[in-house]
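K.L.:
Mind having a look at this structure? Questions to follow.
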Amino acid sequence: MSDIYIIDTSVFMYARGKGHHYKNPCKSLVLSFGDGSFEEEYGQAVIDSEMFQEILYRYSLIGEKDTAITLLRNIYAPELDILPVGSGEIEKMMELAAKYKNENITPRDIVHASVMLTNNIKKIISTDRNFDCIEEIQRIDPGDF
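For what it's worth, this note's numbering labels the leading residue of the sequence shown as 2, then goes sequentially.
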């Protein structure tokens with residue numbers, strides 16, 4: 002069985018964003034999700050429903066709602082599996098929030114980790130090093146692909 006990777010919001014935002022050392026690796030990854038080459042080489046790429054809210058929120062804060070809507074449509078288009086946030090994820094979220102309350106992990110990252118763990122996913126592709134604090138999962142840097 003091939004691996005399953007959850008794709009963090011940061012990958013899509015850097016792929017869409019301006020010049021940054023993560024732009025090209027993230028853009029290449031996003032293109033590989035769309036053309037199927039990621040799945041052929043590494044395994045299945047999935048996202049969670051929280052990611053859509055996170056993108057809309059972040060771009061709305063800077064007055065770029067149109068950018069958010071376009072990006073959301075582009076992410077939805079490749080038909081990546083979208084994992085929900087339900088009662089099991091909320092229970093896991095509360096458990097992780099208590100366990101890692103003294104770490105610098107954002108609430109959204111706790112939600113992503115909760116979705117991963119309730120779906121038995123151990124790998125996340127992310128630029129966010131705060132995921133490294135969560136011992137139950139493994140963060141893989143986009144530059145490693």
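A virtual CB, placed ideally from N, CA and C, is assigned to each residue, including glycine. Note that this is a predicted model, so its numbers are computed, not measured.
Pull up the distance between the alpha-carbon of Gly89 and that of Ile111, whole angstroms please.
P.N.:
Distance between the alpha carbons of Gly89 and Ile111: 13 Å.
K.L.:
Identify the residues that DSSP records as bridge partners of Leu62: which are they?
P.N.:
Beta-bridge pairing links Leu62 to no other residue.
K.L.:
Using 8 Å as the threshold, is the region 128 to 141 in touch with the region 9 to 20, meaning 3 or more CB pairs across them?
P.N.:
With the cut-off at 8 Å, the region 128 to 141 and the region 9 to 20 touch.
K.L.:
Does the beta carbon of Phe53 fall short of 7 Å from some heavy atom of the ligand MN?
P.N.:
As presented, the structure is devoid of all ligands, the ligand MN included, so that no description of it is given.
K.L.:
DSSP on Ala46, reduced to helix/strand/coil?
P.N.:
Note: Ala46 maps to strand in three-state DSSP.
K.L.:
Measuring CA to CA, which of Tyr6, Ser38, Val116, Tyr58 is closest to Met14?
P.N.:
Of the candidates Tyr6, Ser38, Val116, Tyr58, the one whose C-alpha sits nearest the C-alpha of Met14 is Tyr58.
K.L.:
How is Leu84 classed by DSSP in three states: helix, strand or coil?
P.N.:
If DSSP states are grouped into helix, strand and coil, Leu84 belongs with the strands.
K.L.:
Which first and last residues belong to the alpha helix (DSSP H) in which Lys24 is found?
P.N.:
Its alpha helix (DSSP H) spans residues 24 to 36.
K.L.:
Anyone know if the C-beta pair for Ala99 and Ile138 falls short of 8 Å?
P.N.:
No, they are not a contact pair.
K.L.:
Would you identify the three-state DSSP class for Tyr6, choosing helix, strand or coil?
P.N.:
Tyr6: strand per DSSP, three-state reduction.
K.L.:
So is Thr119 buried or exposed if we call it buried at 16+ other beta carbons inside 10 Å?
P.N.:
Buried, because 16 or more other Cβ atoms sit within 10 Å of the Cβ of Thr119.
K.L.:
Tell me, which residues are paired with Ile125 by DSSP?
P.N.:
DSSP, once it has assigned bridges, lists Ile7, Arg140 as partnering Ile125.
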